[in-house]
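Enquirer:
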Ligand SMILES: [Zn+2]
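Residue numbers (the working numbering): 143 to 498.
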């Protein structure tokens with residue numbers, strides 16, 4: 143075997159080995175290293191050329207030609223393999239980054255208004271629709287606004303029944319307390335109205351927190367009331383009944399029968415307790431209405447002349463009706479909530495079920 147035949151056989155074996163290696167390259171880095179190994183300046187093909195000095199002048203170009211052919215061929219193989227590996231890498235990346243649009247989204251927990259606040263908002267909105275003005279008053283009240291002006295003088299037994307939280311502080315010597323009902327807002331709203339030089343009509347809804355020193359299954363030391371009143375010429379019990387009928391049917395989202403029972407409150411005369419036909423048994427009688435078919439929901443009446451006089455409204459021209467309701471009680475009836483304390487324990491399972 144001549145030198146040139148040996149060299150060509152060597153080149154052929156390098157070519158075959160290189161093709162095998164390139165085909166087996168697992169990624170582009172391995173492929174680059176193989177390219178250097180076979181085709182680089184100090185690579186195997188170049189290494190063969192070093193022996194060219196021992197060949198005859200006629201044979202040297204032949205070897206050069208063979209080396210160039212193999213080099214060109216191998217470069218094509220590398221290019222093809224590189225494209226293949228690139229496509230595989232792209233496919234792998236696309237697979238890794240794929241988004242499954244059929245997966246359910248991540249749910250962010252969403253807050254909701256407390257059921258009592260929802261109730262307050264619903265009730266206030268109904269009166270707002272009827273044209274009542276929304277008013278608020280302080281939770282720390284004077285004895286005058288909470289009692290005296292509402293026709294509850296110091297010796298009146300109703301004061302004792304209110305289980306009042308008295309405060310150590312006084313205002314101009316007058317005892318301060320946590321208001322026991324929202325009725326003092328009636329006084330404050332009328333005082334402001336008259337003080338500003340206005341004449342009735344005046345129609346107000348006053349939602350808010352009230353406090354009584356009382357705590358059991360049906361009583362909480364803090365609870366919510368909505369006070370509603372209207373003062374105008376010729377206001378009668380018929381107006382009161384009409385507003386109650388509209389409000390209670392709107393709030394319970396059904397036509398509820400109502401019944402006014404004579405009662406006594408110091409700040410109204412005549413006074414009536416208001417019952418609705420039981421929303422649970424439609425008046426047939428059940429555990430909740432204690433078989434009567436009726437449920438007491440609020441207290442109402444015609445504003446006592448003494449109350450109007452305390453804020454300098456002329457009772458020979460004007461009269462008015464007023465009522466106050468317990469927000470928790472109505473929310474419990476509307477949603478069938480059995481225990482008042484659920485509102486204040488803040489168990490998220492309950493609040494979530496009641497969420498909007
Ligand atoms: Zn019932």
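All C-beta atoms, glycine included, are put in the ideal place defined by N, C-alpha and C.
Looking at residue 245: is its Cβ nearer than 8 Å to the Cβ of residue 209?
Expert: Cβ distance not < 8 Å, so residue 245 and residue 209 don't count as in contact.
Enquirer: What is the DSSP secondary structure of residue 348, counted as helix, strand or coil?
Expert: Residue 348: strand per DSSP, three-state reduction.
Enquirer: Kindly indicate which residue of 198, 160, 481 and 464 has the alpha-carbon position closest to the one of residue 384.
Expert: Measuring from the Cα of residue 384, the nearest candidate turns out to be 464.
Enquirer: Taking the DSSP output, what are the residues bridged to residue 145?
Expert: According to DSSP, residue 145 bridges with nothing at all.
Enquirer: Within this structure, are the beta carbons of residue 309 and residue 329 separated by less than 8 Å?
Expert: Not a contact, by the Cβ cut-off of 8 Å.
Enquirer: Let me check one thing: in DSSP terms, what residues is residue 354 bridge-paired to?
Expert: Answer is none; residue 354 lacks a bridge partner.
Enquirer: Taking Cβ positions only, does residue 233 come closer than 8 Å to chain B?
Expert: Annotation note: the requested chain B is absent from the structure, which comprises a single protein chain.
Enquirer: Between which two residues does the alpha helix (DSSP H) containing residue 326 stretch?
Expert: Segment 325-337, the alpha helix (DSSP H) holding residue 326.
Enquirer: Any heavy atom of ligand 1 within a distance shorter than 7 Å of the CB on residue 394?
Expert: Not under cutoff, so the answer is no.
Enquirer: Are residue 402 and residue 439 close, meaning C-beta to C-beta below 8 Å?
Expert: Contact: no.
Enquirer: Pick helix, strand or coil for residue 276, following the three-state DSSP scheme.
Expert: Three-state DSSP puts residue 276 in a strand.
Enquirer: Please list the segments of the beta strand (DSSP E) lying wholly inside the segment 411-484, counting only runs of 3 or more residues, in order along the chain.
Expert: Counting whole runs of 3 or more residues, the segment 411-484 contains the beta strand (DSSP E) stretches 436-445 and 460-468.
Enquirer: What residues are listed by DSSP as bridge partners for residue 308?
Expert: 319, per the DSSP bridge assignment.
Enquirer: Any idea if residue 355 is buried or exposed, counting beta-carbon neighbours within 10 angstroms, 16 or more meaning buried?
Expert: Exposed.
Enquirer: In whole angstroms, give me the CA-to-CA distance for residue 214 and residue 234.
Expert: Spanning the two alpha carbons is a distance of roughly 30 Å.
Enquirer: Run the proximity test for residue 478: is its beta-carbon closer than 7 Å to any non-hydrogen atom belonging to ligand 1?
Expert: Residue 478: no, Cβ never under 7 Å from ligand 1.
Enquirer: According to DSSP, which residues form a beta bridge with residue 370?
Expert: Its beta-bridge partners are 347 and 465.
Enquirer: Rounded to the nearest angstrom, how far is the Cβ of residue 405 from that of residue 293, given a contact under 8 Å?
Expert: With a Cβ gap of about 15 Å, residue 405 and residue 293 do not count as contacting.
Enquirer: Could you tell me which of 332, 339, 359 and 361 sits nearest to residue 372, measuring between CA atoms?
Expert: Considering only alpha carbons, the answer is 332.
Enquirer: Once the 5 residues before and after residue 477 are set aside, which same chain residues still bring their CB inside 8 Å of it?
Expert: Once the five neighbours on either side are set aside, the close Cβ partners of residue 477 are 257 and 496.
Enquirer: Can the beta-carbon of residue 377 be found closer than 8 Å to that of residue 461?
Expert: Yes, they are a contact pair.
Enquirer: If you drop the 5 nearest sequence neighbours on each side, which residues of the same chain put their C-beta closer than 6 Å to that of residue 177?
Expert: Only 220 meet the Cβ criterion.
Enquirer: Give me whichever residues DSSP pairs with residue 284 in a beta bridge.
Expert: Paired residue(s): 318.
Enquirer: May I ask whether a heavy atom of ligand 1 can be found less than 7 Å away from the beta carbon of residue 435?
Expert: For ligand 1, at least one heavy atom lies less than 7 Å from the Cβ of residue 435.
Enquirer: Quick one: measure Cβ to Cβ for residue 444 and residue 410, integer angstroms, because I've assumed they're closer than 8 Å.
Expert: That pair is a contact at about 6 Å.
Enquirer: Would the beta-carbon of residue 400 be found less than 7 Å away from any heavy atom of ligand 1?
Expert: Checking every heavy atom of ligand 1 against the Cβ of residue 400, none is found closer than 7 Å.
Enquirer: With a threshold of 16 other CB atoms inside 10 Å of the CB of residue 454, please say whether the residue is buried or exposed.
Expert: Exposed is the call here.
Enquirer: So, for residue 206: in the same chain, excluding its five sequence neighbours on each side, which residues have a beta-carbon less than 7 Å away from its beta-carbon?
Expert: Hits under 7 Å: none found.
Enquirer: With H, G and I counted as helix, E and B as strand and the rest as coil, what does DSSP make of residue 340?
Expert: Three-state result, residue 340: coil.
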